[in-house]
Amino acid sequence: MRSVALIIPTVTVLASPSGKVYVTAVRKNSPAYNKLRVGDRILAVGDVPVRQITDYVFAMLAMLEEQTVHFRCLRDGEKIDVAVGIRARPKPDGKSLAEGLLGVKLREITPELAGDLQLPAREGLLVVGVEQDAPAHELGVHLKDILFHVAGYTVKDFESLGRILEDPYRRL
Numbered sequence: 001m002r003s004v005a006l007i008i009p010t011v012t013v014l015a016s017p018s019g020k021v022y023v024t025a026v027r028k029n030s031p032a033y034n035k036l037r038v039g040d041r042i043l044a045v046g047d048v049p050v051r052q053i054t055d056y057v058f059a060m061l062a063m064l065e066e067q068t069v070h071f072r073c074l075r076d077g078e079k080i081d082v083a084v085g086i087r088a089r090p091k092p093d094g095k096s097l098a099e100g101l102l103g104v105k106l107r108e109i110t111p112e113l114a115g116d117l118q119l120p121a122r123e124g125l126l127v128v129g130v131e132q133d134a135p136a137h138e139l140g141v142h143l144k145d146i147l148f149h150v151a152g153y154t155v156k157d158f159e160s161l162g163r164i165l166e167d168p169y170r171r172l
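The numbering of the sequence shown is the working numbering, which starts it at 1 and goes up by one.
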């Protein structure tokens, strides 16, 4: 038996071994919060029946920002319809996330900064501070290091770092 989990910005769903798709988490303060509930079985997204997780994935991929998604769910044995608005997700604040989660202060490398400091790179993130005993310190990050990759993903700026760090399921 195998279960598959899919993480989307506001809702986590899980496909049971039989293929049924269930809500397992809803991000607080998201458009789906207080509308979809943990344990809801997703029967349809719009007019698309959800018989397996791929039906759900493809239906959600077809949705656009500022659109309303209509879910048909089974909740406590009763079929219900739930409308959830999709809104543009704010860009993650990579600078604050790096300080809060890793204990590292960073500065985006620009061509100007690279020239002024004679850095070997024209992009990436320059380490300008590391808190003692913070995760970054324990990982061996030092002042003047340049971050190009985090958790196996390329990092060019605070936005790309933020996308990596805001995912609570990604291992660093």
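Positions of the beta carbon are idealized from the N, C-alpha and C atoms, including for glycine.
Keep in mind that this is a model prediction, so the values were computed, not measured.
Asked: Helix, strand or coil at Glu112 according to DSSP, with G and I counted as helix; Found: helix
Asked: Alpha-carbon to alpha-carbon, Ile80 and Glu159; Found: 38 Å
Asked: Leu113 versus Val141: straight-line alpha-carbon distance, rounded; Found: 20 Å
Asked: Reference Ile109, options Leu117, Pro92, Gly103, closest by Cα; Found: Leu117
Asked: Ile53 versus Thr154: straight-line alpha-carbon distance, rounded; Found: 29 Å
Asked: Whole-angstrom distance between Leu14 and Leu6, CA atom to CA atom; Found: Because the pLDDT of Leu6 is 38, which lies under 50, any placement of that residue in the model is unreliable, and the question is left without a value.
Asked: Contact under 8 Å by Cβ, Ile86 with Met63; Found: yes
Asked: DSSP three-state assignment for Val38, whether helix, strand or coil; Found: coil
Asked: Where the alpha helix (DSSP H) containing Arg163 begins and where it ends; Found: 158-165
Asked: Distance between Val127 and Leu175 (C-alpha atoms, nearest Å); Found: The requested residue 175 does not occur in the structure, where the chain is confined to residues 1 to 172.
Asked: Best match in Pro120, Val11, Arg72 for proximity to Val50 [C-alpha to C-alpha]; Found: Arg72
Asked: 8 Å CB neighbourhood of Val11 in its chain, flanking five on each side removed; Found: Val23, Ala25, Val26, Arg27, Ser30, Ala32, Leu36
Asked: Simplified DSSP state of Asp55, which is helix, strand or coil; Found: helix
Asked: Span of the alpha helix (DSSP H), counted from its first residue to its last, around His70; Found: Segment 68-75 is the beta strand (DSSP E) holding His70; no alpha helix (DSSP H) there.
Asked: Status (buried if at least 16 other CB within 10 Å, exposed otherwise) for Leu102; Found: buried
Asked: Short Cβ contact (8 Å threshold) for Glu99 with Lys105; Found: yes
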